[in-house]
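A.B. asks:
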Amino acid sequence: MDPLRVGLCGLGTVAQGVLQVLSDNAEGIARRAGRQLQVVAVASRTAKPEVDLGGATFSTDVLTLAGRDDLDVVVELIGGEDTALQLVETALSNGTHVVTGNKAIVALHGERLLSLASANSAHLGFEAAVAGGIPIISSLTNALAGNAHEWIVGIINGTSNFILTAMAEQGQSFSDALEEAQALGYAEADPTFDVEGVDAAHKLTILTALGFGAGFRFDDVYVEGISAIAVEDIEYARQLGYVIKHIGMARRRAAGIEARVHPALVPQSHLLSSIGGATNAVMVRSNAAGDTFYAGAGAGALPTASAVVGDLVDISKSSARLPRLPDGSATPLLPIDRVETEYYLRIPSLDQPGAFARVATILSECKISIEAAIQREQAGPSLDEGQWVPIVILTHAVEEQVMNRALAEVQALPEVVGEITRIRVEQLAVTN
Ligand code: HSE
1 MDPLRVGLCG LGTVAQGVLQ VLSDNAEGIA RRAGRQLQVV AVASRTAKPE VDLGGATFST
61 DVLTLAGRDD LDVVVELIGG EDTALQLVET ALSNGTHVVT GNKAIVALHG ERLLSLASAN
121 SAHLGFEAAV AGGIPIISSL TNALAGNAHE WIVGIINGTS NFILTAMAEQ GQSFSDALEE
181 AQALGYAEAD PTFDVEGVDA AHKLTILTAL GFGAGFRFDD VYVEGISAIA VEDIEYARQL
241 GYVIKHIGMA RRRAAGIEAR VHPALVPQSH LLSSIGGATN AVMVRSNAAG DTFYAGAGAG
301 ALPTASAVVG DLVDISKSSA RLPRLPDGSA TPLLPIDRVE TEYYLRIPSL DQPGAFARVA
361 TILSECKISI EAAIQREQAG PSLDEGQWVP IVILTHAVEE QVMNRALAEV QALPEVVGEI
421 TRIRVEQLAV TN
């Protein structure tokens, strides 16, 4: 069989990882693919003469490479949005298969790109777009295709997980932990995307589309990052038996699909809690397979290259098993105020008799049931009239809009002397 002719756009860390994996593992890859995978052309806006291209031609014009008609597959690893999108559209319109690691363009334009691929009998592979080396796209698309899923939850931003782990284990502040993550090269060029949840929301958009046929609706995904998490919340969570993780959650409910990215308290005993540092993990609850769990490197040259090469091998077979356009029978994504979760609340309150009772009364009038509460002895900084203490409460599950109403009333109490912190709680009880 003729080799699969690959054009590689980009020559950054991941693209170099792809060249390395294709070279190091050439024999096994050819055996599984049924033919050689040959990178015949590389294009990158920046020349890197020090990189061994293994005989491929080099140019700085990525769009021209994408439009060539002598390639079987174009691999897009230039990152960014505009040129990457143009490049992918050019190749697909030409009937050339595409493999990309670009979560933003898939999350924002996935529907259109998969339609374009289908209209031109091309395949679009994006295993590398979500959770690096973890094969979650192919699991949802193929191995778990016989299931209806109840939820998909994941730690899908390694930078946030690294920061929260450092805060929990070393007592670092958010900003110190972010600095360390940047120094170690975990955070992307703009750390806002990582720490404010945008990167995770791109990935969750893709998981929601594939897992629930919900379309690629990034704009409807609720996004909250970790920059407001305080070390004291991590400590209170620990005392209550929880770890704070930044999660992406897609969950089927009767009225629609929840798709949300935010920090959450997860029980210390849960598998997700053991995922520390920059590691990623995804757990899927399905009606036939039960709970399945995937963990591994969510970024980095070789893990991400592994996902790219997996897609290339898939394409090299006669019928690729890559994602297709979701079925279009999408149930709506629910707005965040319709989401139902348990809550952790930290309420800075004057240390006065009856303060806790007044908070409890409001919650009770809103039919919010308290599961656990702690009121610490140690006082916060002195205020004009006295001392304050945090009232920490765990609630049972309640719709967000009900919690919003209750917290507006609690916040207005004269005893409440600062902004209330609220963090959602996910029990994710294992059933099998
Ligand atoms: N910046 C991402 C993360 C890796 O921190 O997980 C690439 O998606």
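Residue numbers (the numbering used here): 1 to 432.
C-beta atoms are modelled at their ideal positions from N, C-alpha and C, and glycine is treated no differently.
Is residue 404 close to the ligand HSE? I mean its beta-carbon at under 7 angstroms from any heavy atom of the ligand.
C.D. replies: Within the sequence shown, the letter at position 404 stands for residue 404. It does not: the Cβ of residue 404 is nowhere closer than 7 angstroms to a heavy atom of the ligand HSE.
A.B. asks: Determine contact between the segment 140-150 and the segment 114-124, defined as no fewer than three beta-carbon pairs at a distance below 8 angstroms.
C.D. replies: No contact exists between the segment 140-150 and the segment 114-124.
A.B. asks: Is residue 190 near the ligand HSE - that is, is its Cβ less than 7 angstroms away from at least one heavy atom of it?
C.D. replies: One-based indexing of the sequence shown puts residue 190 at position 190. Not under cutoff, so the answer is no.
A.B. asks: On the three-state DSSP scale, how would you describe residue 39?
C.D. replies: The residue labelled residue 39 in the question sits at position 39 within the sequence shown. If DSSP states are grouped into helix, strand and coil, residue 39 belongs with the strands.
A.B. asks: Could you give the uninterrupted runs of the beta strand (DSSP E) lying entirely in the segment 142-168, keeping only those of 3 residues or more?
C.D. replies: Counting only runs of 3 or more, we get 149-155.
A.B. asks: Which residues in the same chain have their Cβ closer than 7 angstroms to the Cβ of residue 384, if we skip the five residues on either side of it in sequence?
C.D. replies: Mapped onto the sequence shown, residue 384 falls at position 384. Because the pLDDT at residue 384 is just 49, under 50, the model does not fix this residue reliably, and the value given afterwards should be weighed accordingly. So no residue of the chain qualifies.
A.B. asks: Give me the Cα-Cα distance between residue 318 and residue 312, rounded to the nearest whole angstrom.
C.D. replies: By 1-based counting over the sequence shown, the position of residue 318 is 318. By 1-based counting over the sequence shown, the position of residue 312 is 312. Straight-line Cα distance between these residues: approximately 12 angstroms.
A.B. asks: Is residue 1 helix, strand or coil when you go by DSSP?
C.D. replies: For the purposes of this step, residue 1 is identified with residue 1 of the sequence shown, where counting begins at 1. Residue state, collapsed to three classes: coil.
A.B. asks: Any heavy atom of the ligand ATP closer than 7 angstroms to the CB of residue 299?
C.D. replies: Here the bound small molecules are the ligand HSE; the ligand ATP is not part of this structure.
A.B. asks: Here's the rule: buried if 16 or more other CB atoms are within 10 angstroms of the residue's CB, otherwise exposed. What is residue 194?
C.D. replies: For the purposes of this step, residue 194 is taken as the residue at position 194 of the sequence shown. Residue 194 comes out buried.
A.B. asks: Starting from residue 404 and walking both ways along the alpha helix (DSSP H), at which residues does that stretch end?
C.D. replies: As a first step, residue 404 must be located in the sequence shown, where it is residue number 404. Segment 400-411, the alpha helix (DSSP H) holding residue 404.
A.B. asks: Rounded to the nearest angstrom, what separates residue 66 and residue 58 at their Cα positions?
C.D. replies: Here residue 66 refers to the residue found at position 66 of the sequence shown. Here residue 58 refers to the residue found at position 58 of the sequence shown. Spanning the two alpha carbons is a distance of roughly 13 angstroms.
A.B. asks: Using three-state DSSP, classify residue 457 as helix, strand or coil.
C.D. replies: Limits of the chain in this structure are 1 at one end and 432 at the other, which puts residue 457 out of reach.
A.B. asks: Which residues does DSSP list as the beta-bridge partners of residue 58?
C.D. replies: In the sequence shown, the residue the question calls residue 58 occupies position 58. Its beta-bridge partners are 42.
A.B. asks: Does residue 283 pass the burial test, meaning 16 or more other C-beta atoms within 10 Å, or should it be called exposed?
C.D. replies: Along the sequence shown, read from residue 1 onward, the residue named residue 283 stands at position 283. Residue 283 is buried by the Cβ-count criterion.
A.B. asks: Going by DSSP in three states, residue 382 sits in which element: helix, strand or coil?
C.D. replies: Stepping through the sequence shown from its first residue, residue 382 is reached at position 382. With a pLDDT of only 49 at residue 382, under 50, the local geometry of the prediction cannot be trusted, and the value read off the model is given with reservation. Three-state result, residue 382: coil.
A.B. asks: Just to confirm, is the Cβ distance from residue 62 to residue 96 under 8 angstroms?
C.D. replies: Sequence index remark: in the sequence shown, residue 62 carries index 62 (1-based). Sequence index remark: in the sequence shown, residue 96 carries index 96 (1-based). For residue 62 and residue 96, no; Cβs fall outside 8 angstroms.
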